[in-house]
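Trainee:
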Amino acid sequence: MNSIDSLKERLLNEDMKKASDIEQEARKKADEILEQANIKANQIVEEVKQKAEKDGKDRKERMIARAELESRNIILQAKQEAIDLILNEVINKINNMQKDEYSNLINKMIINNVQTGEEEIVLSIRDKDRVSINLDEINKTLVAGGKRGLLRINPEYADIPSGFILRKSGLEINCTFEALIRGLRDELEAEVASVLF
């Protein structure tokens, strides 16, 4: 059990480093987007302030409030675009991994998403020649973790963008990267936004 914990810790450390690299690159892109949004927002506020000074105090206050609201909306939209960019970049990085690295990731994901150890794995048609599943090793790891080691691979492929589907008794767990990120989106948005902004 110690070697499994050690393996899990090593894999987690590798994943954390990859995530850190992706985060740094995405942060740089997000900063560029925010800088442009702030420049545009400040220009709008300045233009409106100048015009408002000519139109009188009451009208000026309404126009400034409207400009500030528009400015906030532009910044919020830029933040959303930055988060979308980061999430899309994560998917692109995963989809562009080398075959061995991608196969290792898929194998880890299978281990982490299996519920009982009796599921059927349906791979993405796009991963047909890209992924190598080490089913014997996965099943041994599952047995060592207290689950049944009876996973099997469906000979048919699913028309999904990436990843796989786990099936058991008519139930499916969608383990595509897009679905996993979409499922974590709220949590990721809050986390990414706190890091970036």
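Per the numbering used here, residue 8 is the first one in the sequence shown, and the count goes up by one each step. Ideal Cβ placement from N, Cα and C applies to all residues, glycine included.
#1: DSSP three-state call for Ser78: helix, strand or coil?
#2: Is Asn141 closer than 7 Å to Gly156 when the C-beta atoms are compared?
#3: How long is the line joining the alpha carbons of Glu144 and Asn181, rounded to whole angstroms?
#4: Output needed for Glu179: all residues of its chain with C-beta closer than 6 Å, excluding positions within five of it in sequence on either side, in chain order.
#5: May I ask you to verify whether the region 94-104 touches the region 24-35, counting CB pairs closer than 8 Å and requiring at least 3?
#6: Starting from Leu178, follow the beta strand (DSSP E) in both directions and report where the run begins and ends.
#7: Of the choices Met104, Asn161, Met116 and Val55, whose alpha-carbon is the least far from that of Glu130?
#8: Beta carbon of Ala44, beta carbon of Ile81: below 7 Å?
#9: Inspect the beta-carbon positions of Gly124 and Leu149 and report whether they are closer than 7 Å.
#10: Using the rule of at least 16 other Cβ atoms within 10 Å of the residue's Cβ for burial, across every protein chain shown, is Asn95 buried or exposed?
#11: Hey, would you say Glu206 sits closer than 7 Å to Leu92, going by beta carbons?
#12: Please name the residue or residues paired with Ala165 in a DSSP beta bridge.
#13: Give me, in chain order, the residues of the same chain whose beta-carbon lies closer than 7 Å to that of Val55; leave out the 5 immediate sequence neighbours on both sides.
#14: Quick check on DSSP: helix, strand or coil for Arg159?
#15: Can you list, in chain order, the residues of its chain whose CB lies under 6 Å from that of Ser139, leaving out five sequence neighbours each side?
#16: Round the Cβ separation of Arg192 and Pro168 to the nearest angstrom and send it over; I've been treating them as touching at under 8 Å.
#17: In angstroms, rounded to a whole number, what distance separates the CA positions of Gly152 and Asn120?
#18: Quick check on this structure: which residue in Lys86, Glu185, Ile40 and Gln122 has the alpha carbon closest to the alpha carbon of Lys154?
#19: In the DSSP output, what is Leu173 paired with across the bridge?
#20: Starting from the C-beta of Ala186, find all residues in its chain whose C-beta is less than 8 Å away, skip the five residues before and the five after it, and write them out in chain order.
#21: If contacts are defined as beta-carbon pairs under 8 Å, then Ile117 and Ile128 qualify, I think. What distance do you get, rounded to the angstrom?
Mentor: Walking through what the data contain:
#1: Looking at Ser78 - three-state DSSP - the assignment turns out to be helix.
#2: no
#3: Glu144 and Asn181: Cα-Cα distance of roughly 22 Å.
#4: Ile172
#5: By the criterion of at least three beta-carbon pairs nearer than 8 Å, the region 94-104 is in contact with the region 24-35.
#6: Leu178 to Cys182
#7: A small correction: the amino acid at residue 130 is Leu; Glu does not occupy that position in the sequence shown. Among Met104, Asn161, Met116 and Val55, the Cα nearest to that of Leu130 belongs to Asn161.
#8: A contact, by the Cβ cut-off of 7 Å.
#9: Yes; because the gap between Cβ atoms is below 7 Å, this pair is in contact.
#10: exposed
#11: The requested residue 206 is not part of the displayed model; the chain covers only 8 to 204.
#12: Partner(s): Ser131.
#13: Within the same chain, Met70, Ile71 and Ala74 come within 7 Å of Val55 by CB-CB distance, once the 5 residues on both sides are set aside.
#14: Strand, per DSSP.
#15: Contacts found: Ser110.
#16: That belief does not hold up - the Cβ atoms of Arg192 and Pro168 are roughly 16 Å apart, past 8 Å.
#17: 13 Å
#18: Gln122
#19: Ile128 and Ile180
#20: Gly170
#21: 6 Å
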